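Remarks on the structure that follows.
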Amino acid sequence: AGRSERPVGSPFAGSGGSASSRGSRDSRGDSKKPSGNPFTSNPFATADANKGGWSSESAADVEAMQLRRAREASEKTWQYNRMLGVCSAAQDFQGAERIMQRMIKDRIKPNNETFAWVISASAEARDIVRAEFWLNRVAATRLYPKVPQQGAVLRSLAEAGAIGLVQGASVGDSAARTLTGSSGFFLHIKSLSASSREPSPKDVGKALEFFHEMVRQGKTPDLHHYTMLLGVLATGGRWEEVRKQMKDMREKGLEPNEVTYCALISGSAYGKDVKLAEEFFSEAVASGLQPTLGMMNAVLKVAARSVDVPAAERWLMKIKDAGMAPDTISHNTFLDACARAGDIASAEVALQRMTRQKLEPDAMSYNALVRACSGANNAQQAESWLDRMMEAMQPDTRVFNAALKACVDAKDFVRLGKLYERMREEGVAKDAATFTTMALLYARRGDFDRVEDLMFEAREAGFPHLEREYSCLLSAYANARPREPKRAERVFRDMVTEGVAPNDRTSRFLGMALGRNGARDLMVELGIPEPQESQPPDK
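Numbering (the UniProt record's numbering), first residue to last: 1 to 539.
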């Protein structure tokens, strides 16, 4: 059966692994792939790789082979789950159990989605005994299927006697409905603070909704409440609402303090508006507040985010002019400005200035140096600064990721493989960015087999597929020769099923893989509106 389709209306769509990271194998695809470690070998530079000491039977090769076998096993599980989904839709729990028995006979490892489909098949057939039996099997395996809030499915489970599963599925939804007022406001702000992404209009609207609900419940907002709200509004670029809330705050006798202005200045960073940040700083001083290192570092951060190295250097000097000594945060923020601009020379001078002031460079300092090399497409110098760091301290994931990105930008396959292997040898944990950075170079070359391996490894490590991961997969299928339209369609369907909103990047790659008309027809079929703007896709 083709893999471009998926059981419609899956009640457990969020469970288990997506098919997107487990592309099917074919003899044509395998025969064209170079042998050896898929993450360290370079088919265009085999001799250089061998000179570097790479062996076809290295530990990395064995690890890569084990990874590919695991992905193939996961593919088999997905195929069985697909058949179970068909049985569930047909209310055929006997067929579902036969398939389950066949899985056991064939030694195919079930996952949480497997059990979920069998339970669903029993529930749809209103078989109380079998539903409870499989619920007990689920409890014994400690695999708990995730049930989304679909009324029809929950009703069928309840009628089949699967009360425990229904109650478990209802807990999260009930908690969300009861979360209002002050508690909801604090929790929502906390979740936004923990996220590195810019808050969406929906996030900002939710913060305002919780704030107004808190007022309606009779709680009078204090300065802390207003400061948190203003920070979210500023980050979201809602400056008209910011002025409105500041006016309301002052009418209640509350004057913004240093923390409030720091929140407003920091919010300017998302809009990369140095002028606005400087205006807030001047307003704070005019109100009688004494300039603090925290406030000046906040303006420095806006300059760095704006990739304005002269402005960043100007504010670094202003700190000294104010009689204060720049701290590690100050210097690292300036280094960040240099890194974003790809200005290696200024970054190296800044590091020397930092050490002259008896401040020890930390992981963020070296990370900025390596990122500056990445911005300048200088993989060799990035590795050199990584070596310097390792002489002083244990490198972290972010520094290695920056070095990997430098190799990707410089199209240095051999160094990319060496650094990836070195990361493993040093015991440095990989994160989602590690896998997508590695996959990017192979995606540009159309090596979808290796991209699928990396995306599978990422999911196995606990990182869900988001826009970046799907973008890498679709890019690989689009750049493959010949193109892989079936794989691209299947992955795009999985992306939509898992609730990841398509944007111009993923839509562009889909169009490259399927053709303009094919991509448009698929998006119309799936009811997808015009994609939101994103950064230009990597080729």
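Ideal Cβ placement from N, Cα and C applies to all residues, glycine included. If you're wondering where the values come from, they're calculated on a predicted model, not measured in any experiment.
*asked:* Please state the DSSP three-state secondary structure of serine 35.
replied: In the sequence shown, counting from the first residue as 1, residue 35 sits at position 35. Summary for serine 35: the model assigns pLDDT 40, below 50, so the residue's position carries little reliability, and this model does not support an answer.
*asked:* Please state the DSSP three-state secondary structure of asparagine 503.
replied: Counting from 1 along the sequence shown, the entry for residue 503 is found at position 503. Residue state, collapsed to three classes: strand.
*Quick one: measure Cβ to Cβ for leucine 264 and leucine 230, integer angstroms, because I've assumed they're closer than 8 Å.*
Taking the first residue of the sequence shown as position 1, residue 264 is located at position 264. Taking the first residue of the sequence shown as position 1, residue 230 is located at position 230. Indeed they touch by this definition, with Cβ atoms about 6 Å apart.
*Answer yes if the segment 369–387 comes into contact with the segment 352–360, meaning at least three C-beta pairs across the two stretches below 8 Å, and no otherwise.*
These segments do not touch.
*Sorted by chain position, which residues of the same chain lie with C-beta nearer than 6 Å to leucine 293's C-beta, five sequence neighbours on each side aside?*
For the purposes of this step, residue 293 is taken as residue 293 along the sequence shown, with counting starting at 1. Answer for leucine 293: Met324, listed in chain order.
*Enumerate in chain order the residues of its own chain whose CB-to-CB distance from proline 485 is below 8 Å, with the five nearest sequence positions on each side excluded.*
As a position in the sequence shown, residue 485 is number 485, starting the count at 1. For proline 485, where only same-chain residues beyond five positions count, the Cβ hits under 8 Å are Tyr477, Ala513, Leu514, Gly515 and Gly518.
_Test item: CB-CB of arginine 398 and cysteine 407 under 8 Å_ = Against the sequence shown, residue 398 aligns to sequence position 398. Against the sequence shown, residue 407 aligns to sequence position 407. No, the pair does not count as a contact, with Cβ atoms beyond the cut-off.
*Could you check how far apart the C-beta atoms of threonine 506 and leucine 526 are, in whole angstroms? I think they sit under 8 Å.*
The residue given as residue 506 occupies position 506 in the sequence shown. The residue given as residue 526 occupies position 526 in the sequence shown. Incorrect: roughly 12 Å between the Cβ atoms, too far for contact.
*Between the segment 220–236 and the segment 198–211, do three or more beta carbon pairs fall short of 8 Å?*
yes
*Where does phenylalanine 281 sit, in a helix, a strand or coil, going by DSSP?*
By 1-based counting over the sequence shown, the position of residue 281 is 281. Helix.
*Cut-off 7 Å between Cβ atoms - residues of its own chain near asparagine 367, not counting five sequence neighbours on either side*: Translated into positions along the sequence shown, residue 367 becomes position 367. Closer than 7 Å at Cβ, skipping near neighbours: Arg398, Val399 and Ala402.
*alanine 443 and cysteine 472 look like a contact to me (Cβ under 8 Å); what is the Cβ gap, rounded to whole Å?*
In the sequence shown, counting from the first residue as 1, residue 443 sits at position 443. In the sequence shown, counting from the first residue as 1, residue 472 sits at position 472. With a Cβ gap of about 5 Å, alanine 443 and cysteine 472 count as contacting.
*For residue 541, does the three-state DSSP call read helix, strand or coil?*
There is simply no residue 541 to check, as the chain begins at 1 and stops at 539 in what is shown.
_Suppose contacts are defined by Cβ-Cβ distances below 8 Å. Is serine 268 in contact with asparagine 297 by that definition?_
Start at 1 with the first residue of the sequence shown, and residue 268 comes out as number 268. Start at 1 with the first residue of the sequence shown, and residue 297 comes out as number 297. Not in contact: serine 268 and asparagine 297 (Cβ atoms no closer than 8 Å).
*Could you tell me which of Gly271, Tyr226 and Pro291 sits nearest to alanine 303, measuring between CA atoms?*
Counted from its first residue, the sequence shown places residue 303 at position 303. Checking every option, the nearest Cα to that of alanine 303 belongs to Gly271.
*asked:* I'd like to know if glycine 527 contacts chain C, where contact means its C-beta is closer than 8 Å to some C-beta of that chain.
replied: The structure shown has no chain C; it contains just one protein chain.
_For arginine 481, tell me which candidate among Phe448, Asp453 and Pro464 has the shortest Cα-Cα distance._
Position 481 of the sequence shown, counted from the start, is the residue given in the question as residue 481. Comparing Cα positions, the closest option is Phe448.
*Could you check how far apart the C-beta atoms of valine 309 and serine 346 are, in whole angstroms? I think they sit under 8 Å.*
Residue 309 sits at position 309 when you count from the first residue of the sequence shown. Residue 346 sits at position 346 when you count from the first residue of the sequence shown. At roughly 6 Å, the Cβ-Cβ gap stays under 8 Å, so valine 309 and serine 346 are in contact.
*Out of Glu278, Met249 and Glu467, state which residue places its alpha-carbon closest to the alpha-carbon of lysine 318.*
Within the sequence shown, numbered from 1, the residue matching residue 318 stands at position 318. The option with the nearest alpha carbon to lysine 318 is Glu278.
*asked:* Distance check for methionine 295 and leucine 454, CA to CA, integer angstroms please.
replied: Against the sequence shown, residue 454 aligns to sequence position 454. Against the sequence shown, residue 295 aligns to sequence position 295. Between leucine 454 and methionine 295, the C-alpha separation is close to 42 Å.
*Just curious, the alpha helix (DSSP H) that asparagine 479 is in, first and last residue?*
As a first step, residue 479 must be located in the sequence shown, where it is residue number 479. Looking at the DSSP string, the run of the alpha helix (DSSP H) that includes asparagine 479 is 467–479.
*With a Cβ-Cβ cutoff of 8 Å, do leucine 84 and valine 118 count as a contact?*
Indexing the sequence shown from 1 puts residue 84 at position 84. Indexing the sequence shown from 1 puts residue 118 at position 118. Their beta carbons are under 8 Å apart, which means leucine 84 touches valine 118 by this criterion.
*Just the Cα atoms here: how many angstroms apart are leucine 233 and glutamate 198?*
The residue labelled residue 233 in the question sits at position 233 within the sequence shown. The residue labelled residue 198 in the question sits at position 198 within the sequence shown. Near 11 Å, if we compare the C-alpha coordinates of glutamate 198 and leucine 233.
*Assign asparagine 257 to one of two classes, buried (16 or more other C-beta atoms within 10 Å of its C-beta) or exposed (fewer than that).*
Mapped onto the sequence shown, residue 257 falls at position 257. Exposed.
*Would you call the CB atoms of methionine 393 and tyrosine 420 closer than 8 Å?*
Counting from one through the sequence shown, the residue named residue 393 turns up at place 393. Counting from one through the sequence shown, the residue named residue 420 turns up at place 420. No. Outside cutoff.
*Distance, glycine 288 Cα to isoleucine 344 Cα*: Residue 344 sits at position 344 when you count from the first residue of the sequence shown. Residue 288 sits at position 288 when you count from the first residue of the sequence shown. The alpha-carbon atoms of isoleucine 344 and glycine 288 are separated by roughly 39 Å.
*If you compare alpha carbons, which of Tyr261, Arg238 and Arg508 is closest to lysine 202?*
Working through the sequence shown from its first residue, we reach residue 202 at position 202. Cα-wise, what sits closest to lysine 202 is Arg238.
*DSSP on isoleucine 528, reduced to helix/strand/coil?*
In the sequence shown, the residue the question calls residue 528 occupies position 528. In the structure shown, the three-state DSSP call for isoleucine 528 is coil.
*Report buried or exposed for proline 110, applying the criterion of at least 16 other Cβ atoms within 10 angstroms of its Cβ.*
Here residue 110 refers to the residue found at position 110 of the sequence shown. Buried, since its Cβ has 16 or more Cβ neighbours within 10 Å.
*CB-CB length for valine 259 against threonine 227, believed under 8 Å*: As a first step, residue 259 is located in the sequence shown; it is residue number 259 there, counting from the start. As a first step, residue 227 is located in the sequence shown; it is residue number 227 there, counting from the start. Valine 259 to threonine 227, Cβ: 6 Å. Contact.
*asked:* Let me confirm a value: methionine 65 is counted as buried when at least 16 other C-beta atoms fall within 10 Å, else exposed. Which label applies?
replied: As a first step, residue 65 must be located in the sequence shown, where it is residue number 65. Classification of methionine 65: exposed, given that the 10 Å Cβ count is below 16.
*In or out: glutamate 255 buried (at least 16 other Cβ within 10 Å) or exposed?*
Within the sequence shown, the letter at position 255 stands for residue 255. Its Cβ having fewer than 16 others within 10 Å, glutamate 255 is exposed.
*Between the beta-carbon of leucine 369 and the beta-carbon of leucine 404, is there less than 8 Å?*
Here residue 369 refers to the residue found at position 369 of the sequence shown. Here residue 404 refers to the residue found at position 404 of the sequence shown. Their beta carbons are not under 8 Å apart, which means leucine 369 does not touch leucine 404 by this criterion.
*May I ask you to report which of helix, strand or coil DSSP gives glutamate 498?*
Counted from its first residue, the sequence shown places residue 498 at position 498. Three-state result, glutamate 498: coil.
*Buried versus exposed, by CB contacts within 10 Å (16 or more), aspartate 521*: For the purposes of this step, residue 521 is identified with residue 521 of the sequence shown, where counting begins at 1. The residue is exposed, with fewer than 16 neighbouring Cβ atoms inside 10 Å.
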